[in-house]
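Trainee:
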Amino acid sequence: MTNSTGDMSRVIGDAEKARLLDHGMHEEGIFYGRLNFFLLFQSLLLGAVVQTATATDVRIRNLQVLALALGVAVLVVWVYAQLKKLKYLKLLEARLAQYLPEFSEIDKREGVFAEARRRSISANKLITFAAPVFIFLAWLGLALTLWL
763 MTNSTGDMSR VIGDAEKARL LDHGMHEEGI FYGRLNFFLL FQSLLLGAVV
813 QTATATDVRI RNLQVLALAL GVAVLVVWVY AQLKKLKYLK LLEARLAQYL
863 PEFSEIDKRE GVFAEARRRS ISANKLITFA APVFIFLAWL GLALTLWL
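With positions in the sequence shown counted from 1, the corresponding number in the working numbering is that position plus 762.
#1: I'd like to check one pair, Lys779 with Val862: are the Cβ atoms closer than 7 angstroms?
#2: Can you give me the start and stop residues for the alpha helix (DSSP H) that Asp819 sits inside?
#3: By the DSSP assignment, the alpha helix (DSSP H) with Lys862 in it spans what residues?
#4: DSSP state of Leu910, grouped into three classes?
#5: Quick check on the burial criterion: 16 or more other C-beta atoms within 10 angstroms. Buried or exposed for Lys847?
#6: Are the CB atoms of Leu851 and Phe793 nearer to each other than 7 angstroms?
#7: Hey, would you say Pro746 sits closer than 7 angstroms to Leu837, going by beta carbons?
#8: Measure from the alpha carbon of Ala892 to the alpha carbon of each residue in Val841, Lys849, Gly903 and Ser882, then state which is nearest.
#9: For the alpha helix (DSSP H) that Ser805 lies in, which residues bound it at each end?
#10: Any idea what DSSP makes of Ile883, helix, strand or coil?
#11: Assuming contact is defined by CB atoms lying nearer than 7 angstroms, are Gly786 and Leu858 in contact in what I supplied?
#12: If you measure from the CB of Asn886, is any heavy atom of the ligand ADP nearer than 6 angstroms?
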């Protein structure tokens, strides 16, 4: 919420703080729920292709190609969706730190560790990028194994 000058320095009430915190927790739940959904989907699809790895039937080979294409396409959607949600979560974290002093107090109390944490990659960013990269490598390895 901005005032007429466009900044977010206004004071908010306890009810608004509670809604902001609830919204932050809700969005974080969506982030992790989406991550779980895509991981499960990719795992099941990979498993299905692996189960048919020894098949020589042309129809099954065609289905493997289709599954591989579907897996990579869903992977692209996954990265896009998680990245958008991650950016939104970062904005929410900034608002929470601004309006709820407990969030900014954590950094002050951790001292040197807080500075190191600010310079390192966040766990959410790591999950957003690392999990899809590992799944992509699994698809690539599977494709190379099946067709080379």
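For each residue, glycine too, the CB sits at the ideal point set by N, CA and C.
Being a predicted model, the structure only gives us computed values, none of them experimental.
Mentor: Quick look at the numbers:
#1: As a first step, residue 862 is located in the sequence shown; it is residue number 100 there, counting from the start. As a first step, residue 779 is located in the sequence shown; it is residue number 17 there, counting from the start. Note on identity: in this sequence residue 862 is Leu, with Val being the wrong assignment. Contact flag set, yes.
#2: Within the sequence shown, numbered from 1, the residue matching residue 819 stands at position 57. Per DSSP, Asp819 belongs to no alpha helix (DSSP H) and is neither H nor E.
#3: Position 100 of the sequence shown, counting from 1, holds the residue named residue 862. Reading the sequence as shown, one finds Leu at residue 862 and not Lys. Leu862 -> no alpha helix (DSSP H), and no H or E assigned at all.
#4: Sequence index remark: in the sequence shown, residue 910 carries index 148 (1-based). Of the three classes helix, strand and coil, the one that applies to Leu910 here is coil, per DSSP.
#5: Reading the sequence shown from its first residue, position 85 is the one you call residue 847. Lys847 comes out buried.
#6: Taking the first residue of the sequence shown as 1, we reach residue 851 at position 89. Taking the first residue of the sequence shown as 1, we reach residue 793 at position 31. A contact, by the Cβ cut-off of 7 angstroms.
#7: Absent from the model: residue 746. The displayed extent of the chain is 763 to 910, so no value can be given.
#8: Counting from one through the sequence shown, the residue named residue 892 turns up at place 130. The shortest Cα separation from Ala892 among Val841, Lys849, Gly903 and Ser882 belongs to Val841.
#9: On the sequence shown, residue 805 is found 43 positions in, with the first residue counted as 1. Asp776 to Gln813 is the span of the alpha helix (DSSP H), which, as asked, contains Ser805.
#10: Counting from one through the sequence shown, the residue named residue 883 turns up at place 121. Looking at Ile883 - three-state DSSP - the assignment turns out to be coil, as it is neither helix nor strand.
#11: Sequence index remark: in the sequence shown, residue 786 carries index 24 (1-based). Sequence index remark: in the sequence shown, residue 858 carries index 96 (1-based). Their beta carbons are under 7 angstroms apart, which means Gly786 touches Leu858 by this criterion.
#12: Absence of the ligand ADP from the depicted structure is noted, as is the absence of any ligand whatsoever, leaving it without description.
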